[in-house]
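Colleague:
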Amino acid sequence: MKKLILALTFISVSFLSGESIKSPSGALTLKFFMTPSGQPGYSLTHGEQPVTGKSVLGVLFNDGPGFHTGLKLISADTSTHYEEWNPVWGEVKTIVNHYRELRVKLEQTKDKPAYCFITFRVFDDGIGFRYEFPVQDNLQYFTVKDELTTFNLSGNHKAFWIPGDFDSNEYPYKTTRLSDIDASGGSDFFEISTKSIVGKNVVQTPLMLKTEEGLYINIFEAALKDYPAMNVSVNKDNYELRAVLVPDAVGNKAYLQTPCSTPWRTIIVSDKAEEILSSKLILNLNEPSIIKETDWIKPQKYIGIWWEMHVGKASWNYSDVRNVKLAGFDWSKVQPNGKHGATTERTKYYIDFAAKHGFAGVLVEGWNVGWEDWFGNWKEDVFDFVTPYPDFNVKGLSEYAKAKGVKLIMHHETSASATNYERWIDSAFRFMNYYGYDAVKTGYVGRIIPRGEHHDGQWMVRHYVRVAEKAAAHKIMLNAHEPVRPTGLHRTYPNWLACEAARGNEFNAWSRGNPPEHETILPFTRLMGGPMDYTPGIFQIKMDYYTPGSKFQVHTTLAKQLALYITMYSPLQMAADIPENYDRFPDAFQFIKDVAVDWDDTKILAAEPGDYIVIARKTKGKDEWFIGAITDENSREITVDLSFLGKGAPYNAEIYKDGEDASWDDNPMSYKVEKAVYKTGDKITFRMAKGGGAAVRFSR
Numbered sequence: 007m008k009k010l011i012l013a014l015t016f017i018s019v020s021f022l023s024g025e026s027i028k029s030p031s032g033a034l035t036l037k038f039f040m041t042p043s044g045q046p047g048y049s050l051t052h053g054e055q056p057v058t059g060k061s062v063l064g065v066l067f068n069d070g071p072g073f074h075t076g077l078k079l080i081s082a083d084t085s086t087h088y089e090e091w092n093p094v095w096g097e098v099k100t101i102v103n104h105y106r107e108l109r110v111k112l113e114q115t116k117d118k119p120a121y122c123f124i125t126f127r128v129f130d131d132g133i134g135f136r137y138e139f140p141v142q143d144n145l146q147y148f149t150v151k152d153e154l155t156t157f158n159l160s161g162n163h164k165a166f167w168i169p170g171d172f173d174s175n176e177y178p179y180k181t182t183r184l185s186d187i188d189a190s191g192g193s194d195f196f197e198i199s200t201k202s203i204v205g206k207n208v209v210q211t212p213l214m215l216k217t218e219e220g221l222y223i224n225i226f227e228a229a230l231k232d233y234p235a236m237n238v239s240v241n242k243d244n245y246e247l248r249a250v251l252v253p254d255a256v257g258n259k260a261y262l263q264t265p266c267s268t269p270w271r272t273i274i275v276s277d278k279a280e281e282i283l284s285s286k287l288i289l290n291l292n293e294p295s296i297i298k299e300t301d302w303i304k305p306q307k308y309i310g311i312w313w314e315m316h317v318g319k320a321s322w323n324y325s326d327v328r329n330v331k332l333a334g335f336d337w338s339k340v341q342p343n344g345k346h347g348a349t350t351e352r353t354k355y356y357i358d359f360a361a362k363h364g365f366a367g368v369l370v371e372g373w374n375v376g377w378e379d380w381f382g383n384w385k386e387d388v389f390d391f392v393t394p395y396p397d398f399n400v401k402g403l404s405e406y407a408k409a410k411g412v413k414l415i416m417h418h419e420t421s422a423s424a425t426n427y428e429r430w431i432d433s434a435f436r437f438m439n440y441y442g443y444d445a446v447k448t449g450y451v452g453r454i455i456p457r458g459e460h461h462d463g464q465w466m467v468r469h470y471v472r473v474a475e476k477a478a479a480h481k482i483m484l485n486a487h488e489p490v491r492p493t494g495l496h497r498t499y500p501n502w503l504a505c506e507a508a509r510g511n512e513f514n515a516w517s518r519g520n521p522p523e524h525e526t527i528l529p530f531t532r533l534m535g536g537p538m539d540y541t542p543g544i545f546q547i548k549m550d551y552y553t554p555g556s557k558f559q560v561h562t563t564l565a566k567q568l569a570l571y572i573t574m575y576s577p578l579q580m581a582a583d584i585p586e587n588y589d590r591f592p593d594a595f596q597f598i599k600d601v602a603v604d605w606d607d608t609k610i611l612a613a614e615p616g617d618y619i620v621i622a623r624k625t626k627g628k629d630e631w632f633i634g635a636i637t638d639e640n641s642r643e644i645t646v647d648l649s650f651l652g653k654g655a656p657y658n659a660e661i662y663k664d665g666e667d668a669s670w671d672d673n674p675m676s677y678k679v680e681k682a683v684y685k686t687g688d689k690i691t692f693r694m695a696k697g698g699g700a701a702v703r704f705s706r
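According to our numbering, the sequence shown is numbered sequentially starting from 7.
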């Protein structure tokens, strides 16, 4: 891994009087201050524009005075850091990590004296700050009651938000002014199985904002490992945001032992929406990879026995019995329901399809016993992750896949019983190693066990990290569904290829679905913390194809489904439709076969949250580029410059676009495939239908 590091350190006494520190280029200015009551705070400006006004900080303890008032500023040290590093996989080959740091030491003199640090890192595109608690005689174990972090915004900004929720982030985004936020409407989303909506004025992070002056602001966190996730409450009188942490079963927020630190609280800011999407601030605030040998980590495309269950063609469960028990249950006496999807025969069909079309993996859901009564019972011992149904030949299929050069992808639905999964995880990963599986998709549908814990609380945050660490020890790649939203930990655990952690494509199969603007907001929100397994590539858009009279459908055109492989970044991309549908559209399917999943470079060509996104990416190690362009419910035409293409011979372009009569609602499967020739400096125009898009491959 390439690294170039420069660090300069000096002591600055000027901060004692509340002066400022600038980002390396001077684009941002951070001011630190202490209130008369001894509470720390900060403000941030972008050029002459305020990002936050005076915003106070602090942490409350259950078992001590905490660090929020009555503090004394002991010292303020600054340093400059420059580093270049290469991710194991990613959107670019090399990432620059350049910031100026301010580290203030604060002493609490009440009761027994103790101290903490607040560290600020000021980049040219934003800031990160966190609370740090060193080892000391008077502070060893403590319980966090609350966090007083605030973001005092400068006005009634446009906000892109979902309701604050301790258990689910599977809501469609709303776009309103801060003053018009009403998160109580989230309770109407009955298709979300487990909800814990916090309050009317509470929203989740990442929170994307746009000011009247055209400044884009993104508020989030980085390196969430041993702490609850952060929502924010909105004070509609002064537009101050305040951290809202996910509590545990008895109402506490976190149990910590020194030395320790909170996650980084982050503000990314720019006057260009494109620069928000290109920011690497979240990644730079995470620790380097703990995995030394990474050759076994392989970005890939996959297919799977999955979508046919969502559209009702097959079932996860083998039978329709109830009251199943893991121990001593006799499956030979059970009558199959005739709809089970994960059969040996069907899996072989998928393996053959993957081998024919160059897909590395085949996901198989519903292969293991327990699906008959897994959901809704708050049952602890649902799955053992090692016992297949009678019609799924693990050994035979593993050998068949190996002979075809295809890897099977394991599925571990935990039914949110994290305690049960932790009991079985070593056996389950050894089982995977034995049968040649090197990737796993985990799931956490339902109410969490330990009972009373939340998906996004400290206990579960630690669980997700433990699973990633266990997987790395067994050389297994991880794709987590229904977890807490990612915060850049894929830098530290590069085997953690993707997460769901948002409203994915499957909601289009059986609910009100995802509105056309959904995919134009997700890159500015959920994807700020890491790749999403959104499962694009649905070609049969309307569900009445499977169930006559059904009103359900995917809320995009077919061409937009192709563009999502570029705009919704992930090193693990699924061709989510069933193979038979790809056979119906071989020319469109060619793009999915060709598109890369690992990149040397990424250019954000045009973007506006909630409206449109156009992104170009260069395939790792090849002179090949791809462009994805998507729009919301409005048709639009966007022209972009191709000056990023390499010099020399022109490129052959394969263009996949909406048909003249296409629209997401009336004619979503109308598309065209055209060929053209372009060179660097040319311009290309994308005409996108309502809810539509375009995808292009440039090669030579």
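We treat Cβ as the ideally placed atom computed from N, Cα and C, and that holds for glycine. Every value quoted in this text rests on a predicted model; they were computed, and no experiment measured them.
1) May I ask which residues mark the beginning and end of the alpha helix (DSSP H) holding residue 402?
2) Rounded to a whole number of angstroms, what is the C-alpha to C-alpha distance between residue 443 and residue 451?
3) By a C-beta neighbour count over all protein chains shown, 10 Å radius and 16 as the cutoff for buried, is residue 4 buried or exposed?
4) Would you identify the three-state DSSP class for residue 11, choosing helix, strand or coil?
5) Contact between the region 569 to 584 and the region 627 to 640 is defined here as three or more beta-carbon pairs at a separation below 8 Å; is this criterion met?
6) Tell me whether residue 692 is buried or exposed, calling it buried when 16 or more other Cβ atoms sit within 10 Å of its Cβ.
7) Hey, quick one: how far does the beta strand (DSSP E) through residue 426 stretch, first residue to last?
8) Between the alpha carbons of residue 535 and residue 104, how many angstroms are there, rounded?
9) Go through its chain and collect everything with a Cβ distance to residue 153's Cβ below 6 Å, but skip five positions before and after it.
10) Quickly, what does DSSP pair residue 284 with across the bridge? List them, please.
11) Whole angstroms are fine: how far does the CA of residue 311 sit from the CA of residue 511?
12) State the DSSP-derived secondary structure class of residue 56, mapped to helix, strand or coil.
13) Taking buried to mean at least 16 other C-beta atoms within 10 Å of its own C-beta, is residue 384 buried or exposed?
14) Would you call residue 501 buried or exposed, if buried means 16 or more other Cβ atoms sit within 10 Å of its Cβ?
15) When the distance is taken between beta carbons, is residue 224 closer than 7 Å to residue 282?
16) With a cut-off of 8 Å on the beta carbons, I'd call residue 228 and residue 493 a contact; round off their distance for me.
17) Using CA atoms only, rank isn't needed, just tell me which of 274, 127, 334, 369 is closest to residue 314.
18) In whole angstroms, what is the alpha-carbon distance linking residue 160 and residue 207?
19) Looking at C-beta atoms only, is the number of pairs between the region 643 to 651 and the region 664 to 683 that lie closer than 8 Å three or more?
20) If contacts are defined as beta-carbon pairs under 8 Å, then residue 95 and residue 604 qualify, I think. What distance do you get, rounded to the angstrom?
21) Compute the Euclidean distance between the alpha carbons of residue 136 and residue 268, then round it to the nearest angstrom.
22) Taking buried to mean at least 16 other C-beta atoms within 10 Å of its own C-beta, is residue 9 buried or exposed?
23) Take every Cβ of the region 63 to 79, pair it with every Cβ of the region 35 to 48, and state whether three or more of those distances are shorter than 8 Å.
24) Among the candidates 88, 56, 109, 57, whose CA atom is the shortest distance from the CA of residue 81?
25) Between residue 389 and residue 479, what straight-line distance do the alpha-carbon atoms span, to the nearest angstrom?
26) Could you tell me which of 174, 702, 24 sits nearest to residue 210, measuring between CA atoms?
27) Does residue 646 come out as helix, strand or coil in the three-state DSSP assignment?
28) Are the CB atoms of residue 25 and residue 509 within a distance shorter than 7 Å?
29) Per the DSSP calculation, residue 72 is bridged to which residue(s)?
30) Could you give the distance in angstroms between the alpha-carbon of residue 7 and the alpha-carbon of residue 101?
31) Can you name, in chain order, every residue of its own chain whose Cβ lies under 8 Å from the Cβ of residue 597, other than the five neighbours on each side?
32) From residue 127 to residue 403, what does the alpha carbon distance come to, in whole angstroms?
33) Under the rule that 16 or more other beta-carbon atoms within 10 Å means buried, what is residue 1, buried or exposed?
34) In terms of alpha-carbon separation, which member of 455, 453, 523, 415 lies closest to residue 437?
35) Below 8 Å on the Cβ atoms is my contact criterion, and I expect residue 694 with residue 623 to pass it. Report the Cβ-Cβ distance as a whole number of Å.
36) Please list the segments of the beta strand (DSSP E) lying wholly inside the region 277 to 348, counting only runs of 3 or more residues, in order along the chain.
Modeller: This is what the structure holds:
1) Translated into positions along the sequence shown, residue 402 becomes position 396. It spans 400 to 410 - the alpha helix (DSSP H) in which residue 402 sits, taken as one unbroken run.
2) To locate residue 443, count along the sequence shown from 1; it is residue 437. To locate residue 451, count along the sequence shown from 1; it is residue 445. One C-alpha to the other measures close to 23 Å.
3) Not covered by the structure: residue 4. The range shown for the chain is 7 to 706.
4) The residue given as residue 11 occupies position 5 in the sequence shown. Confidence in residue 11 is poor, its pLDDT being 47 and thus under 50, which makes the residue's placement too unreliable to answer from.
5) yes
6) What you label residue 692 is simply residue 686 of the sequence shown in a count that begins at 1. Residue 692 comes out buried.
7) Taking the first residue of the sequence shown as 1, we reach residue 426 at position 420. Note, residue 426: premise wrong, no beta strand (DSSP E); alpha helix (DSSP H) at 424 to 441.
8) Taking the first residue of the sequence shown as 1, we reach residue 535 at position 529. Taking the first residue of the sequence shown as 1, we reach residue 104 at position 98. Cα-Cα distance, rounded: 19 Å.
9) Here the question's residue 153 lines up with position 147 in the sequence shown. Here the set comprises 65, 249, 251.
10) The count along the sequence shown starts at 1 and reaches residue 284 at position 278. DSSP lists no partner for residue 284.
11) By one-based count along the sequence shown, residue 511 stands at place 505. By one-based count along the sequence shown, residue 311 stands at place 305. For residue 511 and residue 311, the distance between alpha carbons rounds to 15 Å.
12) Reading the sequence shown from its first residue, position 50 is the one you call residue 56. DSSP places residue 56 in strand when its eight states are reduced to three.
13) Taking the first residue of the sequence shown as 1, we reach residue 384 at position 378. Exposed.
14) Numbered from 1 along the sequence shown, position 495 holds the residue referred to as residue 501. Burial call: buried.
15) Position 276 of the sequence shown holds residue 282. Position 218 of the sequence shown holds residue 224. Result yes, Cβ atoms of residue 282 and residue 224 sit closer than 7 Å.
16) Along the sequence shown, one-based indexing puts residue 228 at 222. Along the sequence shown, one-based indexing puts residue 493 at 487. Contact flag correct, Cβ pair sits at about 5 Å.
17) Indexing the sequence shown from 1 puts residue 314 at position 308. With distances taken between Cα atoms, residue 314 lies closest to 369.
18) Counting from 1 along the sequence shown, the entry for residue 160 is found at position 154. Counting from 1 along the sequence shown, the entry for residue 207 is found at position 201. Approximately 18 Å, taken between the alpha carbons.
19) no
20) For this step, residue 95 is matched to residue 89 along the sequence shown. For this step, residue 604 is matched to residue 598 along the sequence shown. Contact flag correct, Cβ pair sits at about 5 Å.
21) Position 130 of the sequence shown, counted from the start, is the residue given in the question as residue 136. Position 262 of the sequence shown, counted from the start, is the residue given in the question as residue 268. Cα to Cα, the separation comes out at about 6 Å.
22) Mapped onto the sequence shown, residue 9 falls at position 3. Low confidence applies here, because residue 9 scores a pLDDT of 49, under 50, leaving its location unreliable; read the following figure in that light. With fewer than 16 other Cβ atoms within 10 Å, it is exposed.
23) yes
24) In the sequence shown, residue 81 corresponds to position 75, counting from 1. The candidate whose alpha carbon is nearest that of residue 81 is 109.
25) If you number the sequence shown from 1, residue 389 lands on position 383. If you number the sequence shown from 1, residue 479 lands on position 473. Approximately 22 Å, taken between the alpha carbons.
26) Along the sequence shown, read from residue 1 onward, the residue named residue 210 stands at position 204. Selected option, being the one with the closest Cα: 174.
27) Locating residue 646 in the sequence shown gives position 640, where the first residue counts as 1. Three-state DSSP puts residue 646 in a strand.
28) Residue numbering aside, residue 509 sits at position 503 when the sequence shown is read from its first letter. Residue numbering aside, residue 25 sits at position 19 when the sequence shown is read from its first letter. Not in contact: residue 509 and residue 25 (Cβ atoms no closer than 7 Å).
29) Mapped onto the sequence shown, residue 72 falls at position 66. DSSP output for residue 72 lists no bridge partner at all.
30) Residue numbering aside, residue 7 sits at position 1 when the sequence shown is read from its first letter. Residue numbering aside, residue 101 sits at position 95 when the sequence shown is read from its first letter. A caution first: residue 7 carries a pLDDT of 42, below 50, which makes its placement in the model too unreliable to give a value.
31) Looking up residue 597 in the sequence shown gives position 591. Excluding positions up to five away in sequence, the list reads 568, 571, 660, 662, 701, 703.
32) The sequence position of residue 127 within the sequence shown is 121, counting from 1. The sequence position of residue 403 within the sequence shown is 397, counting from 1. Approximately 51 Å between the Cα atoms of the pair.
33) Beyond the ends of the chain as shown, which are 7 and 706, falls residue 1; an answer cannot be given.
34) Stepping through the sequence shown from its first residue, residue 437 is reached at position 431. It is 415.
35) To locate residue 694, count along the sequence shown from 1; it is residue 688. To locate residue 623, count along the sequence shown from 1; it is residue 617. No, residue 694 and residue 623 are not in contact; Cβ-Cβ is about 19 Å, not under 8 Å.
36) 306 to 311
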